[in-house]
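**Q** When you number the sequence shown by UniProt numbering, it's gap-free, plus one each residue, and the end is 91. Built from N, CA and C at the ideal position, the CB exists for glycine as well.
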Amino acid sequence: MQVEVNCYGAVGEAVGGKSHEMTLEDGATVRTVVERLDERAPGLLDRLLHDDPKPLVVMRNVRHVSIQDGGGTRLEDGDTLALSDPPMPEG
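#1: Helix, strand or coil for E25, going by three-state DSSP, please let me know.
#2: Would you tell me roughly how many angstroms separate the C-alpha atoms of E4 and P42, rounded to the nearest one?
#3: Rounded C-beta distance between V30 and G71? I'm assuming under 8 Å.
#4: Using only the alpha-carbon positions, how far apart do D51 and M1 sit?
#5: Write down the C-beta distance between M59 and R36 rounded to the nearest angstrom, noting that I regard them as a contact closer than 8 Å.
#6: Expressed to the nearest angstrom, what Euclidean distance is found between the alpha-carbon atoms of G17 and Y8?
#7: Hey, quick one: how far does the alpha helix (DSSP H) through R74 stretch, first residue to last?
#8: Tell me the DSSP secondary structure of L45 in three-state form.
#9: Does L81 come out as helix, strand or coil in the three-state DSSP assignment?
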């Protein structure tokens, strides 16, 4: 299956670019994608899986994966993922 992955801000800089097309096996999950990106930017997987002070924000087709199944959210052909740092509080 083909999945588009868009990485914004510091996440994009860390993984070497904003847009990535990935070919994945059927049954792949959000965690699968983050594991691949973690090879380029160590620490991303920890930010997805653990209670990190700067958690990784992941959206699948414009819906936050935390309201789906988190890192276990299954992907489908043509999905779009967006990864970014959490928004900075104003003040």
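**A** Well, looking at it:
#1: In the sequence shown, counting from the first residue as 1, residue 25 sits at position 25. Coil, per DSSP.
#2: One-based indexing of the sequence shown puts residue 4 at position 4. One-based indexing of the sequence shown puts residue 42 at position 42. The straight-line gap from Cα to Cα measures roughly 20 Å.
#3: As a first step, residue 30 must be located in the sequence shown, where it is residue number 30. As a first step, residue 71 must be located in the sequence shown, where it is residue number 71. Indeed, because the Cβ distance is near 5 Å, the residues count as touching under 8 Å.
#4: Locating residue 51 in the sequence shown gives position 51, counting from the first residue. Locating residue 1 in the sequence shown gives position 1, counting from the first residue. Between D51 and M1, the C-alpha separation is close to 30 Å.
#5: Mapped onto the sequence shown, residue 59 falls at position 59. Mapped onto the sequence shown, residue 36 falls at position 36. Contact doesn't hold; Cβ gap of about 17 Å is too wide.
#6: Numbered from 1 along the sequence shown, position 17 holds the residue referred to as residue 17. Numbered from 1 along the sequence shown, position 8 holds the residue referred to as residue 8. Cα to Cα, G17 sits roughly 9 Å from Y8.
#7: Residue numbering aside, residue 74 sits at position 74 when the sequence shown is read from its first letter. No alpha helix (DSSP H) contains R74, which DSSP labels as neither H nor E.
#8: Taking the sequence shown and counting its residues from 1, the one referred to as residue 45 is at position 45. Correct three-state label for L45: helix.
#9: Start at 1 with the first residue of the sequence shown, and residue 81 comes out as number 81. Strand.
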